[in-house]
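These notes concern the structure reproduced below.
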Amino acid sequence: MGKLVIVGTVAFDAIETPFGKTDKILGGAATFIGLAASHFNIDTTAVSIVGGDFPQEYLDLLSEKKIDTSGIEIVKDGKTFFWSGRYHNDMNSRDTLVTELNTLADFNPVVPENYRDAEIVMLGNLHPIVQSSVLDQMTTKPKLVILDTMNFWMDSALEDLHNVIKRVDVITINDEEARQLTGEYSLVVAARKIHAMGPEYVVIKKGEHGALLFHNDHVFYAPALPLEEVFDPTGAGDTFAGGFAGYIAKTGDTSFDNMKKAVIYGSTLASFCVEKFGTERMIDLSSEEVHKRLLQFKQLTQFDIELT
Ligand code: AMP
C-alpha cells in the first residue's frame with residue numbers, strides 16, 4: 019500500500035450556478051483531492067492551512083475519510099482561504115468573483131515526518147513556491163510527483179511556476195490553462211511544449227469533453243461520462259487529480275498503461291463530483307456506486323470493429 023502526500027487549499031467556497039447559489043461551504047483543492055483519493059484505501063495526508071473560523075466538524079469529516087489532518091495548520095486568529103465563482107449557462111466556463119488568500123498568504127507547509135518518504139506526491143493548486151517547498155521536504159525521491167495548477171498562479175507567479183513544473187513527472191491542467199501556459203491553441207502542440215518544460219506526462223482536462231493523456235508521441239483519450247444533470251462543476255478537476263493520484267498510489271505502477279486506468283478512475287470520480295454542490299456528493303459516495311459507474315464507463319468506450 020502506497021503513501022500519498024497532498025498539498026492544496028482547504029477552503030470556504032461560495033458558488034453560483036444556473037441552478038442555485040451557496041453560502042460559504044467546504045471546498046478547496048486538497049479537500050476534493052483527498053475525498054477522491056479516500057476511495058483507494060491508501061495512507062493519505064493533506065498539507066494545508068486554515069483559520070480559526072474553520073469548523074472542527076469539517077476537519078473531523080476529513081479524518082473520518084481516513085485523511086491524516088496533522089499537516090493542516092490552524093491559525094487561531096486567522097481566516098480561511100475563500101474563493102467564490104459563478105458559472106456561465108454552459109457550465110463549462112466560470113468567472114472567479116473573489117479570491118481571498120487570508121492565512122494562505124503566509125503559508126509554510128510542513129509535511130508530517132511519517133509522510134516524508136511517500137511514494138506519490140500530489141501538488142494541488144497552490145502557490146508554486148509552496149508546491150516546491152513540499153518537494154524539498156521529501157527525504158526519499160517520490161516515485162511520482164503530480165502537479166495541478168491554474169491561471170491565477172500563471173498570472174501572479176509564472177517564474178516560480180516554471181521552476182516547480184521542471185521538477186514534476188505529471189501535470190494536470192485544463193485546456194484553457196494549457197493554452198495560456200504555452201501560447202498555443204492546438205492542445206497537441208501545447209502538450210508538446212509542456213513536455214519540454216519538464217513533465218514526462220501531460221494530462222489536459224477538457225471538462226465535459228473528457229481528458230487527454232500525453233506521453234512522448236502517445237495520446238490516450240477518456241471521454242467524460244455523459245450525465246443527465248450537471249449541477250456544479252467546482253472541484254471536478256481536483257477530484258480527477260485525486261482519483262488519478264489515488265489509483266497510482268494504490269497500484270504502485272507508474273507505467274503509461276496504468277496511467278490510462280488512472281485517468282479512467284479520475285474521470286469516474288469527477289463524474290460524481292458535479293452532481294451536487296461542492297463536496298456534497300463526494301462525502302456520501304459509496305464504493306458500490308463507483309464500481310457501477312466504472313462498468314458504465316467501460317460500456318461507453320468499448321467497441322468491436324472489423325478492420326478489412
Ligand atoms: P476546480 O473546480 O477543480 O478548479 O477547483 C475548485 C477549487 O479550487 C475550489 O474549491 C477553490 O477553493 C479552489 N481554488 C480556487 N482558486 C484557487 C487558487 N487560486 N489557489 C488554490 N485553490 C483555489
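Read in order, the letters of the sequence shown correspond to residues 19 to 326 in my numbering. Quick reminder that beta carbons are idealized off the backbone N, C-alpha and C, glycines included.
Q) In whole angstroms, what separates the C-alpha of Ile164 from that of Leu153? A) 11 angstroms
Q) So the beta strand (DSSP E) Tyr265 belongs to, where does it begin and stop? A) Here Tyr265 belongs to no beta strand (DSSP E); instead the alpha helix (DSSP H) covers 254-269.
Q. In its own chain, which residues sit with a C-beta less than 8 angstroms from the C-beta of Val128, not counting the 5 before and 5 after it?
A. Val65, Gly89, Glu91, Gln155
Q: Please check the pair Ala47 and Gly264, which I expect to be a contact at CB under 8 angstroms, by giving their CB distance rounded to whole angstroms.
A: With a Cβ gap of about 14 angstroms, Ala47 and Gly264 do not count as contacting.
Q | Simplified DSSP assignment, three categories, for Thr190 | A | strand
Q. Quick one, which of Thr62, Pro146, Phe315, Ala29 has its alpha-carbon nearest Gly228's?
A. Phe315
Q) Do Leu303 and Leu287 have their C-beta atoms closer together than 9 angstroms? A) yes
Q. Using DSSP with H/G/I as helix, E/B as strand and the rest coil, what is Ile323?
A. coil
**Q.** Gly96 versus Gly69 - alpha carbon distance
**A.** 4 angstroms
Q. Is it the case that the CB of Phe99 approaches a heavy atom of ligand 1 more closely than 8 angstroms?
A. yes
Q) Does the beta-carbon distance from Asp61 to Asp86 come in below 9 angstroms? A) yes
Q: Give every residue of the same chain whose Cβ lies closer than 6 angstroms to the Cβ of Ala254, excluding the five residues on either side of it in the sequence, and list them in chain order.
A: Ala288, Cys291, Val292
Q: Can you tell me which of Lys159, Thr252, Thr326 puts its alpha carbon nearest to the alpha carbon of Lys21?
A: Lys159
Q: Closer than 7 angstroms by C-beta to Ala32: which residues in its own chain qualify, once you throw out the five before and the five after it? Chain order, please.
A: Thr40, Asp41, Lys42, Ser102
Q: Please classify Val128: does DSSP put it in a helix, a strand, or coil?
A: coil
Q) Grouping DSSP H, G and I as helix and E and B as strand, with all else coil, what is Thr167? A) coil
(Q) Please report the straight-line C-alpha distance between Asn110 and Leu141, rounded to a whole angstrom. (A) 24 angstroms
**Q.** Three-state class that DSSP yields for Val23 in the structure shown
**A.** strand
Q) Is the beta carbon of Asp71 sitting closer than 9 angstroms to the one on Thr27? A) no
Q.
My assumption, with CB atoms under 8 angstroms, is that Ile189 sits in contact with Pro146. Please give the rounded CB distance.
A. Actually they do not touch by this definition, with Cβ atoms about 12 angstroms apart.
Q) Between Phe100 and the rest of its own chain, which residues show a CB-CB distance below 8 angstroms, the 5 nearest in sequence each way excluded? A) Ala29, Phe30, Asp31, Ala32, Lys42, Val116, Thr117, Glu118, Asn120
Q. Do Gly270 and Lys161 come within 9 angstroms of each other at the CB atom, strictly closer than that value?
A. yes
Q.
Across the segment 200-214 and the segment 276-283, are there enough close Cβ pairs to call them in contact, namely three or more that are closer than 8 angstroms?
A. no
Q: Please list, in chain order, all residues of the same chain as Phe262 whose beta carbon is under 6 angstroms from its beta carbon, the five residues on each side excluded.
A: Ala280, Gly284
Q. Any idea what DSSP makes of Ala14, helix, strand or coil?
A. With the chain covering 19 to 326 only, the question about residue 14 has no answer from this structure.
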